[in-house]
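Undergrad:
2 protein chains.
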Amino acid sequence: MPLPTALHEELKNRFAQRYTTGESACLQHGRDESVHCPAPPDAVVLAESTEEIAAVVRLCAEHGVPVIPYGVGSSVEGHVLAPNGGVSLDLSLMNEVLVIHAEDGDATVQAGVTRKQLNDALKGTGLFFPIDPGADATLGGMAATRASGTNAVRYGTMRENVMATTTVLADGRIVKTGGRARKSSAGYDLTRLLVGSEGTLGIMTELTVKLYPIPEAISAAVCTFPTIEAAVQTVIQTIQLGVPVARIELLDTLSLSAINKFSKTTLAEAPTLFFEFHGSPAGVEEQAQTVQAIADDLGGANFEWATRPEDRSRLWQARHDAYFACLQLKPGCRCFPTDVCVPISRLAECIAETQADIAQVSIPIALFGHVGDGNFHLVVLVDTDNAKEMEEAAWISRRVVERSIAMEGTCTGEHGIGLGKKKYLVAEHGEGAVEVMRALKMALDPKNLLNPGKVLP
Amino acid sequence: MPLPTALHEELKNRFAQRYTTGESACLQHGRDESVHCPAPPDAVVLAESTEEIAAVVRLCAEHGVPVIPYGVGSSVEGHVLAPNGGVSLDLSLMNEVLVIHAEDGDATVQAGVTRKQLNDALKGTGLFFPIDPGADATLGGMAATRASGTNAVRYGTMRENVMATTTVLADGRIVKTGGRARKSSAGYDLTRLLVGSEGTLGIMTELTVKLYPIPEAISAAVCTFPTIEAAVQTVIQTIQLGVPVARIELLDTLSLSAINKFSKTTLAEAPTLFFEFHGSPAGVEEQAQTVQAIADDLGGANFEWATRPEDRSRLWQARHDAYFACLQLKPGCRCFPTDVCVPISRLAECIAETQADIAQVSIPIALFGHVGDGNFHLVVLVDTDNAKEMEEAAWISRRVVERSIAMEGTCTGEHGIGLGKKKYLVAEHGEGAVEVMRALKMALDPKNLLNPGKVLP
Chain A
3 MPLPTALHEE LKNRFAQRYT TGESACLQHG RDESVHCPAP PDAVVLAEST
53 EEIAAVVRLC AEHGVPVIPY GVGSSVEGHV LAPNGGVSLD LSLMNEVLVI
103 HAEDGDATVQ AGVTRKQLND ALKGTGLFFP IDPGADATLG GMAATRASGT
153 NAVRYGTMRE NVMATTTVLA DGRIVKTGGR ARKSSAGYDL TRLLVGSEGT
203 LGIMTELTVK LYPIPEAISA AVCTFPTIEA AVQTVIQTIQ LGVPVARIEL
253 LDTLSLSAIN KFSKTTLAEA PTLFFEFHGS PAGVEEQAQT VQAIADDLGG
303 ANFEWATRPE DRSRLWQARH DAYFACLQLK PGCRCFPTDV CVPISRLAEC
353 IAETQADIAQ VSIPIALFGH VGDGNFHLVV LVDTDNAKEM EEAAWISRRV
403 VERSIAMEGT CTGEHGIGLG KKKYLVAEHG EGAVEVMRAL KMALDPKNLL
453 NPGKVLP
Chain B
3 MPLPTALHEE LKNRFAQRYT TGESACLQHG RDESVHCPAP PDAVVLAEST
53 EEIAAVVRLC AEHGVPVIPY GVGSSVEGHV LAPNGGVSLD LSLMNEVLVI
103 HAEDGDATVQ AGVTRKQLND ALKGTGLFFP IDPGADATLG GMAATRASGT
153 NAVRYGTMRE NVMATTTVLA DGRIVKTGGR ARKSSAGYDL TRLLVGSEGT
203 LGIMTELTVK LYPIPEAISA AVCTFPTIEA AVQTVIQTIQ LGVPVARIEL
253 LDTLSLSAIN KFSKTTLAEA PTLFFEFHGS PAGVEEQAQT VQAIADDLGG
303 ANFEWATRPE DRSRLWQARH DAYFACLQLK PGCRCFPTDV CVPISRLAEC
353 IAETQADIAQ VSIPIALFGH VGDGNFHLVV LVDTDNAKEM EEAAWISRRV
403 VERSIAMEGT CTGEHGIGLG KKKYLVAEHG EGAVEVMRAL KMALDPKNLL
453 NPGKVLP
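Respectively, the protein sequence lines represent chains A and B.
Under the working numbering, the first residue of the first sequence carries the number 3, and numbering increases by one thereafter.
Under the working numbering, the first residue of the second sequence carries the number 3, and numbering increases by one thereafter.
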């Protein structure tokens, strides 16, 4: 469905080569990394400033046309798809690190800056930005989906680390939310309402995020376990003891096997924990000893330590490759994403029951995740043209989500609701809370033009 | 103004002795710890359950009568006052610790539970709840004002530590928000919208909060400095180095003098930092050495260490007494509260300029605060019947707030907006953001019956 002619002309005049209705650009902006069927927008605008975004939103509002913000398209829940058509607002050109306040530990960036780009810009400051979802996502996209990653157990998620935003509202007004003070009791927390709202309440165009001193000492370790249960018990005891571990990641045997093939490593193919400890040299040593003692008691073996930066990088590169490595287990397949998170006391039970489900299906399914938070993923590999495989994937996904909600957990620890998890929102939060969400959406976007069809069922 | 007769009769029948229109009860519920003129409600209900609160809210909504939630009345910004009359809903009987999940580090409590009561209930679990505003406030009140205290630099504020709520909406509906998973990307963050909303968007009746392992080792220290600037520089360098200090509190000479008189201590009467370090024995030792080296460089002297619990308690009791000790400097006076917070890099400048203001007025003003977060208070002592003193107090308060906002800080770090800071909300957030807040209020409380007159200008 083409855009209204008047809107088309206005956008074309204003944005020239940064506006397109070309099929390939629209298709590229209408798909993500997941199994969701592509749904291309009618046009794409490459915005270069908050004011341009405000102008696009205002024009689209006048014509009743949806606007879908787009970063790098690394969503796995269909966030960037345009099921109702409209304009995809690509923020990738808004990639300037605006200011680094090293002395206060914060930085303000345009929303199209990616996490790696920010960390590159921080070189020499002694600071880093810890949040690391699998992809090199934009900070805008990460804020919109309340993303996290491997460091969240120590440093929190985007919820804890976005301090302020510049946001374009549904009618094109530009507002600032939050501020640079470390704490404030001044008024409603608009920043945290926007974080996780997936572009449905406003389009975040600039973000102020917290930074952290690079630890004086870092050490990493890998340890294998006789069973996945033993590995999970090690995690639970570590967290319950309050060890301030920076990262604690679980990978199952299939994941290790995929990593060895993909990354040419020779890691033991068994249930494995990857650890990282941050602190002073003595503090890191002490944390590591505590965790090793817990692991020893639970049958952990083959502890491999990495304190040199290159050894740590090699280890963590292997961990970061896990997703892509698993995709190679079945060439040409797509990944059906799952992303549950449960209270840590239920994690062993949740994983055990999920493994029993996995044993019942024909498709390969790898399990790994950020278990220090109680969060894990299944990499469910499917041929999207194979109805039986898609059915099995949907069954596994539904089962693990329903199990997690029943265990007082969540249907998504870090991927967001998007299109894929809308059906679970009421089960998780209750009809009452979802009605409140609808009332907020109605208050801030009464015409339902900001990323319509996402989040709310 | 009495309540409508039908409402009066219904409340009287339903709540019997837990309903009163008595003058003394209404007056008690219509004043707080601050200089705000009392504004009594027309009636008080002592609620015992979420369902009772829902019933009161529903009845009041039918009659267009305001409802003002009340905990222990320790607000210093007029939150519990009833400027438009209505029913004060006292939650102090809702003081049950409902469940402690020691293995997950969280607890669910009724909103009338106080912070000390929760910590008493945690004895034997190895866990504690760190947020400690000056008063033994209720957790409901603390959540409503986004409170913090001395431990926030390490453990965060109520913003970071409320995981879930049960909330009664303006029409009497009961909703649950958030959950027990450590992280979630599932939908709008209603919990953080309610935290800090000061009872204007809903009445939180139950809360799930995070708990922390009691550190293996704790040590405290006091150190005096030749100038307040030297003390503040010590704080700034400590924070910038990333030392995970648990508490770092500044008190000026006048505060120390007041404490010595009130608490019969013999602390040096000079600008002073109180520290507390949490961790393993070696970690605590290391943190303390780092901080002592910084302090030494800046002329810190008389380092006094306290590792025995009784010595630590004595020190921190002195710190906690500071507010009441200062009140005794001028018997019969009231305190005009201030509560600013700035980015740490601006803290020295902010305090120095504020001291220059203090030198210009006749009233005694003590300065202390949670400087690790950039947050400090002035205890401005006034005779509320003395117009000149009230004028000086208002001038000091306005100056420090405007200075903090100009330094990208906030008009309230932890007390909330209430009645007292409404006039600064636009200066801090801009008209656009305040309009968004108004739209949210309108969406959730269209009749403006939940704590009307608070937060929004």
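Even for Gly, the Cβ is constructed at its ideal location relative to N, Cα and C.
Based on Cα-Cα distance, which residue from A:88, A:77, A:20 lies nearest to residue 3 of chain A?
TA: On the first sequence, position 1 is the one that residue 3 of chain A refers to. For residue 3 of chain A, the nearest C-alpha among the options comes from A:88.
Undergrad: For residue 1 of chain B, report the span of its alpha helix (DSSP H) as first-last.
TA: Here chain B comprises residues numbered 3 to 459, so residue 1 of chain B is not present and cannot be evaluated.
Undergrad: Mapping the DSSP letters down to three states, classify residue 36 of chain B as helix, strand or coil.
TA: Looking up residue 36 of chain B in the second sequence gives position 34. Coil at residue 36 of chain B, not helix or strand.
Undergrad: Name the one or two DSSP bridge partners that residue 307 of chain B has.
TA: Reading the second sequence from its first residue, position 305 is the one you call residue 307 of chain B. According to DSSP, which records beta bridges pairwise, residue 307 of chain B is partnered with B:223.
Undergrad: Is it right to say residue 310 of chain B is buried, meaning 16 or more other beta carbons lie within 10 angstroms of its own, or is it exposed?
TA: For the purposes of this step, residue 310 of chain B is taken as residue 308 along the second sequence, with counting starting at 1. Exposed.
Undergrad: Just checking my contact of residue 72 of chain A with residue 58 of chain A at CB under 8 Å: how many whole Å lie between their CB atoms?
TA: Within the first sequence, the letter at position 70 stands for residue 72 of chain A. Within the first sequence, the letter at position 56 stands for residue 58 of chain A. No, residue 72 of chain A and residue 58 of chain A are not in contact; Cβ-Cβ is about 12 Å, not under 8 Å.
Undergrad: Grab me the residues of residue 227 of chain A's own chain with a C-beta within less than 8 Å of its C-beta, minus the 5 sequence neighbours each way, in chain order.
TA: Reading the first sequence from its first residue, position 225 is the one you call residue 227 of chain A. 233, 236, 272, 273, 274, 275, 297, 300, 301, 302, 303, listed in sequence order.
Undergrad: Taking only three categories from DSSP, how would you classify residue 98 of chain A?
TA: On the first sequence, position 96 is the one that residue 98 of chain A refers to. Coil at residue 98 of chain A, not helix or strand.
Undergrad: Going by CA-CA distance only, name the one from B:288, B:74, B:451, B:397 that's closest to residue 92 of chain B.
TA: The residue labelled residue 92 of chain B in the question sits at position 90 within the second sequence. When only C-alpha atoms are compared, the closest one is B:74.
Undergrad: Measuring straight from C-alpha to C-alpha, what distance separates residue 111 of chain B and residue 136 of chain A?
TA: For the purposes of this step, residue 111 of chain B is taken as residue 109 along the second sequence, with counting starting at 1. For the purposes of this step, residue 136 of chain A is taken as residue 134 along the first sequence, with counting starting at 1. Roughly 37 Å between the two C-alpha positions.
Undergrad: Tell me the rounded alpha-carbon separation between residue 341 of chain B and residue 397 of chain B.
TA: Stepping through the second sequence from its first residue, residue 341 of chain B is reached at position 339. Stepping through the second sequence from its first residue, residue 397 of chain B is reached at position 395. Cα-Cα distance, rounded: 14 Å.
Undergrad: Just curious, the alpha helix (DSSP H) that residue 28 of chain B is in, first and last residue?
TA: For the purposes of this step, residue 28 of chain B is taken as the residue at position 26 of the second sequence. Element bounds for residue 28 of chain B: 25-30.
Undergrad: Among the candidates A:181, A:199, A:45, A:382, whose CA atom is the shortest distance from the CA of residue 14 of chain A?
TA: Locating residue 14 of chain A in the first sequence gives position 12, counting from the first residue. Ranking the options by Cα distance to residue 14 of chain A, first place goes to A:45.
Undergrad: Out of A:327, A:374, A:323, A:324, state which residue places its alpha-carbon closest to the alpha-carbon of residue 346 of chain A.
TA: Residue numbering aside, residue 346 of chain A sits at position 344 when the first sequence is read from its first letter. Checking every option, the nearest Cα to that of residue 346 of chain A belongs to A:374.
Undergrad: Could you tell me which residues DSSP pairs with residue 92 of chain A in its beta bridges?
TA: Here the question's residue 92 of chain A lines up with position 90 in the first sequence. Looking at the DSSP assignment, residue 92 of chain A forms a beta bridge with A:48, A:72.
Undergrad: Sort B:244, B:229, B:224 by Cα distance to residue 251 of chain B and report the nearest one.
TA: Within the second sequence, numbered from 1, the residue matching residue 251 of chain B stands at position 249. Answer by Cα proximity: B:224.
Undergrad: Considering only the alpha carbon of each residue, which of A:122, A:70, A:376, A:371 lies closest to residue 239 of chain A?
TA: Taking the first sequence and counting its residues from 1, the one referred to as residue 239 of chain A is at position 237. The shortest C-alpha separation from residue 239 of chain A is found at A:376.
Undergrad: Against chain B, which members of the segment 111-141 of chain A pass a CB distance test of less than 8 Å?
TA: Answer set for the segment 111-141 of chain A: empty.
Undergrad: Pick from A:293, A:18, A:212: whose alpha carbon is nearest that of residue 243 of chain A?
TA: Within the first sequence, residue 243 of chain A is the residue found at index 241, counting from 1. Residue 243 of chain A has its Cα closest to that of A:293, out of A:293, A:18, A:212.
Undergrad: Just list the residues that DSSP pairs residue 340 of chain A with in beta bridges.
TA: The sequence position of residue 340 of chain A within the first sequence is 338, counting from 1. The partner list for residue 340 of chain A (beta bridge, DSSP) is empty, contrary to what the question assumes.
Undergrad: If we define contact as Cβ-Cβ less than 8 Å, is residue 44 of chain A a contact residue for chain B?
TA: Start at 1 with the first residue of the first sequence, and residue 44 of chain A comes out as number 42. No, because no Cβ of chain B sits closer than 8 Å to the Cβ of residue 44 of chain A.
Undergrad: In whole angstroms, what separates the C-alpha of residue 308 of chain B from that of residue 432 of chain A?
TA: Within the second sequence, the letter at position 306 stands for residue 308 of chain B. Within the first sequence, the letter at position 430 stands for residue 432 of chain A. Rounded to the nearest angstrom, the two C-alpha atoms are 49 Å apart.
Undergrad: Between residue 51 of chain A and chain B, is there a C-beta pair that is closer than 8 Å?
TA: Walking along the first sequence from the start, residue 51 of chain A turns up at place 49. Output row for residue 51 of chain A: interface = no.
Undergrad: Determine, for residue 466 of chain A, whether the minimum Cβ-Cβ distance to residues of chain B falls below 8 Å.
TA: This structure cannot settle anything about residue 466 of chain A, because the visible part of chain A is limited to 3 through 459.
Undergrad: Can you tell me whether residue 39 of chain B is buried or exposed, with buried defined as 16 or more other CB within 10 angstroms of its CB?
TA: Working through the second sequence from its first residue, we reach residue 39 of chain B at position 37. Exposed: under 16 other Cβ atoms inside 10 Å.
Undergrad: For residue 199 of chain B, which residues in the same chain have their Cβ closer than 6 Å to its Cβ, ignoring the five residues on either side in sequence?
TA: Here the question's residue 199 of chain B lines up with position 197 in the second sequence. If we look at residue 199 of chain B and ignore the five residues flanking it on each side, it has no Cβ neighbours.
Undergrad: When you compare the CB positions of residue 154 of chain B and residue 414 of chain A, do they come within less than 8 Å of one another, or not?
TA: Locating residue 154 of chain B in the second sequence gives position 152, where the first residue counts as 1. Locating residue 414 of chain A in the first sequence gives position 412, where the first residue counts as 1. No. Outside cutoff.
Undergrad: Could you work out which residues of chain A lie near residue 178 of chain B, taking near to mean beta carbons separated by less than 8 Å?
TA: Taking the second sequence and counting its residues from 1, one reaches residue 178 of chain B at position 176. Near residue 178 of chain B (Cβ distances below 8 Å), the residues of chain A are 431, 432, 434, 435.
Undergrad: To be precise: take each residue of the segment 206-223 of chain B, compare its Cβ to all Cβ atoms of chain A, and keep it if any distance is under 9 Å. Which residues remain?
TA: Cβ contacts with chain A come from 214, 215, 216, 217, 218.
Undergrad: Got a sec? Which residues, its chain only, sit under 7 Å from residue 395 of chain B by beta carbon, not counting five neighbours each side?
TA: Counted from its first residue, the second sequence places residue 395 of chain B at position 393. Excluding residues within five positions, the ones whose Cβ falls inside 7 Å are 338, 365, 382, 384.
Undergrad: Cα separation between residue 35 of chain B and residue 439 of chain B?
TA: Start at 1 with the first residue of the second sequence, and residue 35 of chain B comes out as number 33. Start at 1 with the first residue of the second sequence, and residue 439 of chain B comes out as number 437. Approximately 27 Å between the Cα atoms of the pair.
Undergrad: Name the DSSP bridge partner or partners of residue 21 of chain B?
TA: For the purposes of this step, residue 21 of chain B is taken as the residue at position 19 of the second sequence. Looking at the DSSP assignment, residue 21 of chain B forms a beta bridge with B:47.
Undergrad: How many whole angstroms separate the CB atoms of residue 222 of chain B and residue 264 of chain B, which I take to be in contact at a CB cut-off of 8 Å?
TA: Indexing the second sequence from 1 puts residue 222 of chain B at position 220. Indexing the second sequence from 1 puts residue 264 of chain B at position 262. The Cβ separation is near 19 Å, so there is no contact.
Undergrad: What residues from chain B crowd round residue 242 of chain A, counting only those whose CB sits closer than 7 Å?
TA: To locate residue 242 of chain A, count along the first sequence from 1; it is residue 240. What residue 242 of chain A touches in chain B: 105.
Undergrad: Ignoring anything shorter than 3 residues or poking outside the segment 211-284 of chain A, list the beta strand (DSSP E) runs there in chain order.
TA: Those beta strand (DSSP E) runs which fall completely within the segment 211-284 of chain A and span 3+ residues are 219-226, 249-253, 274-281.
Undergrad: At 7 Å on the CB atoms, spell out the chain B contacts of residue 412 of chain A, in chain order.
TA: Along the first sequence, read from residue 1 onward, the residue named residue 412 of chain A stands at position 410. Within chain B, the residues near residue 412 of chain A are 181, 183, 186, 188.
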